[in-house]
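Report on the structure given below.
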DNA sequence: CTGGTGATCAGTAACCATTCCTGTTTCCGA
DNA sequence: TCGGAAACAGGAATGGTTACTGATCACCAG
Ligand SMILES: [Mn+2]
Ligand SMILES: [Mn+2]
Ligand SMILES: [Zn+2]
Ligand SMILES: [Zn+2]
């Protein structure tokens, strides 16, 4: 997502695009995988050593609130963050802990079914999948 | 699930059905909802005040391992446990925290699709849904 | 029975991801 | 330029969960 778009989404919720928030976004795109808040923090710190871990948590929370960042929660793992905010599938290896994306599985339809089958106002629906990655299966 | 069946499932994995594990199962069926480990602990303690919270965690973990208990993990909430181990939908209200079951949504098919679309050996797939319950929407 | 052996347990300390708090800095509009 | 609000750095606190340790229990061979 382009910087002006991010700035606009923040502005609509009354936030500004600060240098720390921009650094968090850059770290997320550098990480390319599904980093934890601490992973992001370590990357940000390489270029801006004075940033605090709490600031990274807060920036991620704001960026998620305005729809620029997504997050998923697995058991036995810190929260993982993602620039891909569309409904999609991520799987976590229960042995090595790596998270990767599973292409070709449409989840939008499932969300629609959920929305039509509950008296709740659904705000979020994520599929959390665990398994053994190919590398870990052969060992 | 009947006690002899539970005992057999435990035995197949080298465990025994101890009084504490039985008490945890009873607490789960009494709670009827989706209690946290601490909720279970408080119920167990009413009849057996000497039980430790750690024992409840360990019992839940063993019972889950042998397939008698299921668990789900939401953000901003402790892990919730459930006697319903079939693939099904649970939704958590982001305001009051209550978890309830959504009937009529088949998830088995989604799990099948996932299994056929990843090089992983899938061991677990849960749909985690959040929203506002009817009571919390009107207030 | 009875003694031995490994599993389980109670109690408590430690862990760790995340949030909270406080004083300081930065940002932005008037 | 100035004043107020938002954001931040640093560090302390929180809370769910796990790890550890010595005591107890269940089970079985003799
Ligand atoms: Mn992803
Ligand atoms: Mn359920
Ligand atoms: Zn792996
Ligand atoms: Zn509610």
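Residue numbers (my numbering), protein chains in the order written: chain A, 5 to 143; chain B, 5 to 143.
Cβ coordinates follow ideal geometry from the N, Cα and C atoms, glycine included.
Since the model is a prediction, treat every value here as computed from it, not as a measurement.
With H, G and I counted as helix, E and B as strand and the rest as coil, what does DSSP make of residue 136 (chain A)? Translated into positions along the first chain, residue 136 (chain A) becomes position 132. If DSSP states are grouped into helix, strand and coil, residue 136 (chain A) belongs with the strands.
Between which two residues does the beta strand (DSSP E) containing residue 87 (chain A) stretch? For the purposes of this step, residue 87 (chain A) is taken as the residue at position 83 of the first chain. Here residue 87 (chain A) belongs to no beta strand (DSSP E), and DSSP marks it neither H nor E.
Report, in whole angstroms, the separation of the C-beta atoms of residue 99 (chain A) and residue 39 (chain A), which I expect to be a contact under 8 Å. The residue you call residue 99 (chain A) lines up with position 95 of the first chain. The residue you call residue 39 (chain A) lines up with position 35 of the first chain. About 19 Å; that fails the 8 Å criterion.
At the 9 Å Cβ level, is residue 84 (chain B) part of the contact set with chain A, yes or no? Counted from its first residue, the second chain places residue 84 (chain B) at position 80. No, because no Cβ of chain A sits closer than 9 Å to the Cβ of residue 84 (chain B).
Is the beta carbon of residue 118 (chain A) closer than 9 Å to that of residue 136 (chain B)? Translated into the one-based positions of the second chain, residue 136 (chain B) becomes position 132. Translated into the one-based positions of the first chain, residue 118 (chain A) becomes position 114. Not closer than 9 Å, so no.
Report yes if the C-beta distance between residue 97 (chain A) and residue 103 (chain A) is below 9 Å; otherwise report no. Start at 1 with the first residue of the first chain, and residue 97 (chain A) comes out as number 93. Start at 1 with the first residue of the first chain, and residue 103 (chain A) comes out as number 99. Against a cut-off of 9 Å, the Cβ pair of residue 103 (chain A) and residue 97 (chain A) comes out as a contact.
Every unbroken alpha helix (DSSP H) inside the segment 19-53 of chain B [4 residues or more]: 23-35 and 41-51
So, using beta-carbon positions, are residue 13 (chain B) and residue 70 (chain B) closer together than 9 Å? Counting from one through the second chain, the residue named residue 13 (chain B) turns up at place 9. Counting from one through the second chain, the residue named residue 70 (chain B) turns up at place 66. For residue 13 (chain B) and residue 70 (chain B), yes; Cβs fall inside 9 Å.
Would the C-beta of residue 121 (chain A) count as close to ligand 2, meaning under 8 Å from any of its heavy atoms? Working through the first chain from its first residue, we reach residue 121 (chain A) at position 117. False, no ligand heavy atom lies under 8 Å from that Cβ.
By DSSP's criteria, residue 122 (chain B) is part of a beta bridge. Which residues make up the other side? Residue numbering aside, residue 122 (chain B) sits at position 118 when the second chain is read from its first letter. Looking at the DSSP assignment, residue 122 (chain B) forms no beta bridge with any residue, so it has no partner.
Return helix, strand or coil for residue 94 (chain B), following the three-state DSSP convention. The sequence position of residue 94 (chain B) within the second chain is 90, counting from 1. Correct three-state label for residue 94 (chain B): strand.
Taking the C-alpha atoms as reference points, what is the distance between residue 53 (chain B) and residue 27 (chain B)? Here residue 53 (chain B) refers to the residue found at position 49 when the second chain is read from its first residue. Here residue 27 (chain B) refers to the residue found at position 23 when the second chain is read from its first residue. Whole-angstrom Cα-Cα distance: 12 Å.
Any residue with its Cβ nearer than 6 Å to a heavy atom of ligand 6 should be included. What is that list in chain order? What this structure holds is ligand 1, ligand 2, ligand 3 and ligand 4, not ligand 6.
Which residues, in order along the segment 88-103 of chain A, keep a beta-carbon less than 8 Å from a beta-carbon of chain B? 93, 95, 97 and 98
Ligand 4 and residue 100 (chain A): does any heavy atom of the ligand fall closer than 8 Å to the residue's C-beta? By one-based count along the first chain, residue 100 (chain A) stands at place 96. No; taking the cut-off as 8 Å, the Cβ of residue 100 (chain A) has no heavy atom of ligand 4 nearer than that.
So does residue 79 (chain B) have its beta carbon nearer than 8 Å to some heavy atom of ligand 4? The residue you call residue 79 (chain B) lines up with position 75 of the second chain. No.
Please report whether the beta-carbon of residue 22 (chain B) lies at a distance below 9 Å from any beta-carbon of chain A. Within the second chain, numbered from 1, the residue matching residue 22 (chain B) stands at position 18. Answer no: the Cβ-Cβ gap between residue 22 (chain B) and chain A never drops below 9 Å.
Is it true that the CB of residue 74 (chain A) sits closer than 9 Å to the CB of residue 68 (chain A)? In the first chain, residue 68 (chain A) corresponds to position 64, counting from 1. In the first chain, residue 74 (chain A) corresponds to position 70, counting from 1. Yes, the pair counts as a contact, with Cβ atoms nearer than the cut-off.
Can you check whether the C-beta of residue 77 (chain A) is within less than 9 Å of a C-beta belonging to chain B? In the first chain, residue 77 (chain A) corresponds to position 73, counting from 1. Interface residue, yes.
Is it the case that the CB of residue 103 (chain B) approaches a heavy atom of ligand 2 more closely than 8 Å? In the second chain, counting from the first residue as 1, residue 103 (chain B) sits at position 99. Yes - ligand 2 has a heavy atom lying nearer than 8 Å to the Cβ of residue 103 (chain B).
At a cut-off of 8 Å, would you count residue 97 (chain B) as near ligand 3, judging by its Cβ distance to the nearest heavy atom? The residue you call residue 97 (chain B) lines up with position 93 of the second chain. False, no ligand heavy atom lies under 8 Å from that Cβ.
First through last residue of the alpha helix (DSSP H) which encompasses residue 65 (chain B): Residue 65 (chain B) sits at position 61 when you count from the first residue of the second chain. Run containing residue 65 (chain B): 57-69, per the alpha helix (DSSP H) assignment.
For residue 74 (chain A) and chain B, any beta-carbon pair shorter than 9 Å? In the first chain, residue 74 (chain A) corresponds to position 70, counting from 1. No, residue 74 (chain A) lies away from the interface with chain B (no Cβ there is under 9 Å from its Cβ).
Span of the beta strand (DSSP E), counted from its first residue to its last, around residue 12 (chain A): Here residue 12 (chain A) corresponds to residue number 8 of the first chain, with the count starting at 1. Unbroken run through residue 12 (chain A) is the alpha helix (DSSP H), 7-16; no beta strand (DSSP E).
Looking at C-alpha atoms only, which residue of B:101, B:78 and B:23 is the closest neighbour of residue 59 (chain B)? Counting from 1 along the second chain, the entry for residue 59 (chain B) is found at position 55. Minimum Cα distance to residue 59 (chain B) is reached at B:23.
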